[in-house]
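Each number in my numbering comes from the position in the sequence shown (counting from 1) with 187 added on.
The beta-carbon is built from N, C-alpha and C at its ideal position, and this holds for glycine as well.
Just so it is clear, the structure is predicted and the values come from calculations on it, not from any experiment.
A quick write-up on the structure given underneath.
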Amino acid sequence: MNQQFLKEIEKGSKSALVKKRIITHYIYNGSSTIPDLSKELDLSVPTVTKFIGEMCDDGYINDYGKLETSGGRHPNLYGLNPESGYFLGVDIKRFAVNIGLINFKGDMVELKMNIPYKFENSIEGMNELCKHILNFIKKLTINKEKILNINVNVSGRVNPESGYSFSQFNFEERPLADVLSEKLGYKVTIDNDTRAMTYGEYMQGCVKGEKDIIFVNVSWGVGIGIIIDGKIYTGKSGFSGEFGHMSAYDNEIICHCGKKGCLETEASGSALHRILLE
Numbered sequence: 188m189n190q191q192f193l194k195e196i197e198k199g200s201k202s203a204l205v206k207k208r209i210i211t212h213y214i215y216n217g218s219s220t221i222p223d224l225s226k227e228l229d230l231s232v233p234t235v236t237k238f239i240g241e242m243c244d245d246g247y248i249n250d251y252g253k254l255e256t257s258g259g260r261h262p263n264l265y266g267l268n269p270e271s272g273y274f275l276g277v278d279i280k281r282f283a284v285n286i287g288l289i290n291f292k293g294d295m296v297e298l299k300m301n302i303p304y305k306f307e308n309s310i311e312g313m314n315e316l317c318k319h320i321l322n323f324i325k326k327l328t329i330n331k332e333k334i335l336n337i338n339v340n341v342s343g344r345v346n347p348e349s350g351y352s353f354s355q356f357n358f359e360e361r362p363l364a365d366v367l368s369e370k371l372g373y374k375v376t377i378d379n380d381t382r383a384m385t386y387g388e389y390m391q392g393c394v395k396g397e398k399d400i401i402f403v404n405v406s407w408g409v410g411i412g413i414i415i416d417g418k419i420y421t422g423k424s425g426f427s428g429e430f431g432h433m434s435a436y437d438n439e440i441i442c443h444c445g446k447k448g449c450l451e452t453e454a455s456g457s458a459l460h461r462i463l464l465e
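Listed below in structure tokens is the structure:
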């Protein structure tokens with residue numbers, strides 16, 4: 188994929204944003220004809236034809252041939268070219284890390300689950316994570332230059348827009364996304380782990396097709412992901428869903444966030460671990 192196109196999207200280029208709408212439509216709805224796409228996006232047929240032609244030339248979209256119809260002219264069916272780009276997802280657990288690669292259509296290409304990794308909120312822990320990611324990439328048989336983005340799921344307070352993590356790997360006065368980009372050599376974005384899980388279930392899981400979702404993640408901690416009208420809700424500061432840090436108990440147990448009585452102190456994997464040790 189042309190990296191210039193991604194830069195144009197970031198800058199807000201009008202033509203690039205229209206192309207982004209077309210790509211987004213194909214991601215959510217699959218292949219379609221130009222007349223159908225024109226109707227769905229409320230764009231003229233000539234406009235859609237122009238952009239589809241450009242995107243075919245650039246390799247983002249494939250012409251899958253004539254669509255069989257009952258009568259009249261058979262329109263061409265267009266859809267995403269799965270090999271035009273790839274995305275890497277990194278899911279950090281307490282004692283393991285999961286890494287997966289999907290193609291431009293969202294199909295899983297490579298998946299490595301439960302890679303041994305003991306999470307430590309330290310520079311050493313972050314460097315160890317980067318080693319696992321680079322080792323995964325090294326073994327891939329695809330063209331590495333086609334990896335467009337790496338998204339790292341981080342627990343706690345994460346602002347995906349600014350790239351800052353305020354709970355984990357917060358060692359520098361720079362966005363964690365920028366730090367990881369330098370270490371890995373690829374564009375990196377970050378998001379809260381529960382929000383990422385919520386989006387995954389929305390796109391491919393048990394709530395696919397639903398528009399309003401509340402997803403509860405009970406793991407080492409506790410979090411909530413929210414989707415409203417088909418869009419991830421991040422809140423004003425990007426920290427929505429920190430359900431585990433609501434004051435729920437009248438106890439003297441200090442949560443890792445520094446407060447006492449948080450829900451996580453009694454109802455989470457970390458709480459169970461503490462109880463077993465006691």
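Quiz item: How about Leu288 and Leu327: do their beta carbons lie closer than 8 Å?
Solution: yes
Quiz prompt | Alpha-carbon spacing of Ala203 relative to Glu195, whole angstroms | solution = 6 Å
Quiz item: What span of residues does the alpha helix (DSSP H) with Asn216 cover, start to end?
Solution: 201 to 216
Practice problem: With a 10 Å radius around its C-beta and 16 neighbouring C-beta atoms as the bar for buried, classify Ile462 as buried or exposed. | Solution: exposed
Quiz prompt | Contact check, Leu230 vs His212, beta carbons under 8 Å | solution = no
Practice problem: Could you check the C-alpha separation between Asp245 and Gly272 for me, to the nearest Å? | Solution: 12 Å
Quiz item: When DSSP builds the beta bridges, which residues end up paired with Met295?
Solution: Ile289
Exercise. Could you tell me which residues DSSP pairs with Asn404 in its beta bridges?
Key: Gly410
Quiz item: Which one or two residues does DSSP pair with Ile419 in a beta bridge?
Solution: Ile414
Quiz prompt | Where the beta strand (DSSP E) containing Thr376 begins and where it ends | solution = 375 to 379
Quiz item: What do you get for Pro303, buried or exposed, if any count of 16 or more other CB atoms within 10 angstroms of its CB means buried?
Solution: exposed
Exercise. Express the C-alpha separation of Asn338 and Lys253 in angstroms, rounding to a whole number.
Key: 36 Å
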